[in-house]
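Here's the structure we're looking at; comments come further down.
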Amino acid sequence: MLVMEQQPAYVLHSRPWRETSVIADLLTLHSGRVSVIIKGARKANGKQPAKRALVQPFTPLLVAFTGRGELRTATSLDAAGPPLFLQGRPLYSGLYANELLLKLLAVDDAYPALFAYYQTLLENLCIKQSVEQSLRPFEVHLMDELGYHVALDKEFETQVPVLPEHCYRLVPLQGLCRVKHQDGNAQLIPGHVLLELAAGRFSEPSCLKYAKYIARANIDQLLGGKPLHSRTLFQSMAVAPPPSQGLIDN
Amino acid sequence: MAFSPLIDELIESLRCLPGVGRKSAQRMALHILERNREGGALLAQSLTLALDKVGRCDQCRTHSETPVCRMCSNPNRNPSQLCIVETPADVLAIEQGAGFNGAYFVLMGHLSPMDGIGPAELGIDGLLQRLQTQTIEEVIIATNPTIEGDATAHFIHQQLQTLPLSVTRIAHGVPIGGELEYVDSGTIAHAFAGRKSYT
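Top line first, the protein sequences correspond to chains L and W.
Here my numbering is used: position 42 in the first sequence is 43, and no number is missing along the way.
Here my numbering is used: position 76 in the second sequence is 1175, and no number is missing along the way.
Structure representation (structure tokens):
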């Protein structure tokens, strides 16, 4: 029996299991993504702070678990801090990040740096920094951590540096090629935008648009056609009717 | 020990119930066969009938064997208030405690991107249609205070923004008889954020 010590973790997703327990997918600092059974997590028990309040996404936790197989059993569960309250678009962005991690991370591979990036993302979303500006760097870090670093400052075949006055085309998960002649429907990315993004500057709206395109192309390639449900949800939010004047609402 | 094929099948079928494993299923099957055959026949009959007849209420989507459920067709209820809940069990809980006399809309779940449950599965279109055709003044969103419940509430709120009605969300806070010492920090934070002045 392998017993782990308590380590920081976040719940990515949980589903009910039996009468009072849940199976939770966690992102942990030292064990990466793991699935654990948390017994009694749906029980209302008088004096103990309810476990069910802890087994929610975006709540910093300290978790210890035991077992060897794919499904572990949690042996202790404590709050490591107050939950981060995400509402509205930031909440959906958090769910999107969770779905990405759930679908892309292999079980039991530790990504300590990614854990820190995830924490930063949640904090940024919590202080209502622009959703796009919070998500884009996180996506870049996620790709890097997964071993798919896409260099934005040079062409991937020739290693020739990207020049601001040229236009480039993205080959998902590989890198960039310079485009000399416009060939129909390929999305072109200006060199100066690429250099901004390569330097980690995501503040310009025009850069954000391209950053989104690059991140999406890479992630879609990595997912191999599996749909991202939270993205669909986000899009259905976007087509929701805009708020009208004089509405009675609180 | 192996039972005869029919008994085995019965045991396997009983295991579809929540919390019933092989051992409990076996005990139930043998109990029905040895001691309570009438009860078993009644169970089989009502199960078939219920599965055959019970569908969804056209208005609130809860389980009902009539096109419009008893709650929705009750003339004594106030149709200008609509309470949105996740499950039929939530309707029961509110009926027992809240003194609420309006209509309900049951989502039969919550938005959960990871499980592939989106607005279509929750019948949000039907809800919007109902709001546009009936005179409803207030919509009370009573989804659970979980991340998914909040995401659902926010989504519904977004969808209702253009409609001339008031949208409210039930309060979150400390349970009655609870001691602050034993309440989790998230609930306390919510309780403080939603504090009320004595007016």
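Ideal Cβ positions, reconstructed from N, Cα and C, are used throughout, including at glycine.
Our contact map puts residue i next to residue j with C-beta atoms below 8 Å; I'd like the distance itself, whole angstroms only.
i: HIS14 of chain L; j: MET1213 of chain W; result: 4 Å
i: LEU126 of chain L; j: LEU28 of chain L; result: Between LEU28 of chain L and LEU126 of chain L the Cβ distance is about 15 Å, and since that is not below 8 Å, they are no contact.
i: CYS1171 of chain W; j: CYS1159 of chain W; result: 5 Å
i: MET5 of chain L; j: PHE66 of chain L; result: 6 Å
i: PRO1187 of chain W; j: VAL1205 of chain W; result: 6 Å
i: GLN57 of chain L; j: THR1245 of chain W; result: 6 Å
i: PRO165 of chain L; j: LYS129 of chain L; result: Wrong, their Cβ atoms sit about 33 Å apart, outside the cutoff.
i: LEU209 of chain L; j: ARG137 of chain L; result: 6 Å
Whose C-beta lies closer than 6 Å to the C-beta of residue i among residues of the same chain, with five residues either side of it excluded?
i: ASN251 of chain L; result: Because the pLDDT of ASN251 of chain L is 34, which lies under 50, any placement of that residue in the model is unreliable, and the question is left without a value.
i: ARG170 of chain L; result: CYS178, VAL180, ALA187
i: TYR211 of chain L; result: ILE190, VAL194
Helix or strand or just coil, what does DSSP make of residue i?
i: ALA1290 of chain W; result: helix
i: LYS155 of chain L; result: strand
i: HIS182 of chain L; result: coil
i: GLY247 of chain L; result: Confidence in GLY247 of chain L is poor, its pLDDT being 34 and thus under 50, which makes the residue's placement unreliable; the coordinate value appears in the next sentence. Residue state, collapsed to three classes: coil.
i: LEU1299 of chain W; result: Absent from the structure is residue 1299 of chain W, since the part of chain W shown begins at 1100 and ends at 1298.
i: PRO242 of chain L; result: Note that PRO242 of chain L has pLDDT 47, beneath the 50 cutoff, so the model's placement of it is unreliable and no number is given.
i: HIS1209 of chain W; result: coil
i: TYR1297 of chain W; result: coil
i: VAL1174 of chain W; result: The question names Val, but residue 1174 of chain W in the sequence shown is Pro. The answer is coil: DSSP assigns PRO1174 of chain W none of H, G, I, E or B.
i: CYS1168 of chain W; result: coil
i: GLY176 of chain L; result: strand
i: SER22 of chain L; result: strand
i: PRO61 of chain L; result: coil
i: TYR169 of chain L; result: strand
i: LEU234 of chain L; result: helix
i: LEU1262 of chain W; result: coil
i: VAL1190 of chain W; result: helix
i: ALA80 of chain L; result: strand
i: ILE128 of chain L; result: coil
i: LEU189 of chain L; result: strand
i: PRO276 of chain L; result: Residue 276 of chain L is absent from the model: chain L starts at 2 and stops at 251.
i: LEU147 of chain L; result: coil
i: VAL141 of chain L; result: helix
i: ARG1229 of chain W; result: helix
i: ARG202 of chain L; result: coil
i: ALA1197 of chain W; result: coil
Using the Cα positions of residue i and residue j, report the straight-line distance between them to the nearest angstrom.
i: VAL35 of chain L; j: THR74 of chain L; result: 10 Å
i: SER1123 of chain W; j: GLN1144 of chain W; result: 22 Å
i: ILE39 of chain L; j: GLU1280 of chain W; result: 23 Å
i: SER231 of chain L; j: ALA200 of chain L; result: 29 Å
i: HIS142 of chain L; j: LEU115 of chain L; result: 7 Å
i: ARG1294 of chain W; j: LEU234 of chain L; result: 32 Å
i: GLU146 of chain L; j: ALA216 of chain L; result: 14 Å
i: ASN1152 of chain W; j: GLY1139 of chain W; result: Before going further, note that residue 1152 of chain W is Lys rather than Asn in the sequence given. If I take the Cα positions, the gap works out to 20 Å.
i: GLY1272 of chain W; j: GLN175 of chain L; result: 51 Å
i: LEU1109 of chain W; j: LEU123 of chain L; result: 50 Å
i: LEU1191 of chain W; j: HIS31 of chain L; result: 44 Å
i: ALA117 of chain L; j: GLY148 of chain L; result: 17 Å
i: PRO228 of chain L; j: ILE1275 of chain W; result: 43 Å
i: THR1165 of chain W; j: CYS1156 of chain W; result: 7 Å
i: GLY1277 of chain W; j: GLU1185 of chain W; result: 25 Å
i: ILE220 of chain L; j: LEU106 of chain L; result: 12 Å
i: ASP110 of chain L; j: THR1147 of chain W; result: 49 Å
i: VAL23 of chain L; j: MET1127 of chain W; result: 26 Å
i: GLU140 of chain L; j: ALA152 of chain L; result: 14 Å
i: SER1103 of chain W; j: GLY1154 of chain W; result: 35 Å
i: ALA98 of chain L; j: ASP1189 of chain W; result: 30 Å
i: TYR1297 of chain W; j: GLY226 of chain L; result: 56 Å
i: GLU20 of chain L; j: ARG1121 of chain W; result: 16 Å
Ordered along the chain, which non-local residues of its own chain (more than five positions away) have a Cβ less than 7 Å from that of residue i?
i: ALA81 of chain L; result: PRO9, PRO61, LEU62, LEU63
i: ARG53 of chain L; result: ALA42, ARG43
i: LEU55 of chain L; result: LEU62, LEU78, ALA80
i: GLU71 of chain L; result: SER36, VAL108
i: SER1112 of chain W; result: none
DSSP has residue i in a bridge; who is on the other side?
i: GLY1248 of chain W; result: Paired residues: none, contrary to the question.
i: THR1267 of chain W; result: W:ILE1239
i: PHE66 of chain L; result: L:ALA75
i: PHE1204 of chain W; result: W:ILE1183
i: LEU27 of chain L; result: L:VAL12, L:VAL35
i: HIS1162 of chain W; result: W:ARG1155
i: VAL108 of chain L; result: L:ARG34
i: PRO162 of chain L; result: L:LYS155
i: ILE215 of chain L; result: Answer is none; ILE215 of chain L lacks a bridge partner.
i: ILE1216 of chain W; result: W:SER1211
Using the beta-carbon of each residue, which ones in chain A are nearer than 7 Å to residue i?
i: HIS1253 of chain W; result: The chain inventory of the structure shown lacks chain A, comprising the protein chains L and W.
Using C-beta distances below 8 Å, list every residue in its chain close to residue i, excluding the 5 sequence neighbours before and after it, in chain order.
i: LEU1210 of chain W; result: ILE1216, GLY1217, PRO1218, LEU1221, GLU1247, ALA1250, THR1251, PHE1254
i: SER245 of chain L; result: Residue placement at SER245 of chain L cannot be trusted, given a pLDDT of 39 that sits under 50; the coordinates are not used to answer.
i: ARG1169 of chain W; result: SER1163
i: LEU1230 of chain W; result: LEU1181, VAL1238, LEU1259, LEU1262, LEU1264
Return yes when the C-beta of residue i is under 7 Å from any heavy atom of the ligand NAP, and no when it is not.
i: HIS1162 of chain W; result: As for the ligand NAP, it is missing from this structure, which has no ligand bound.
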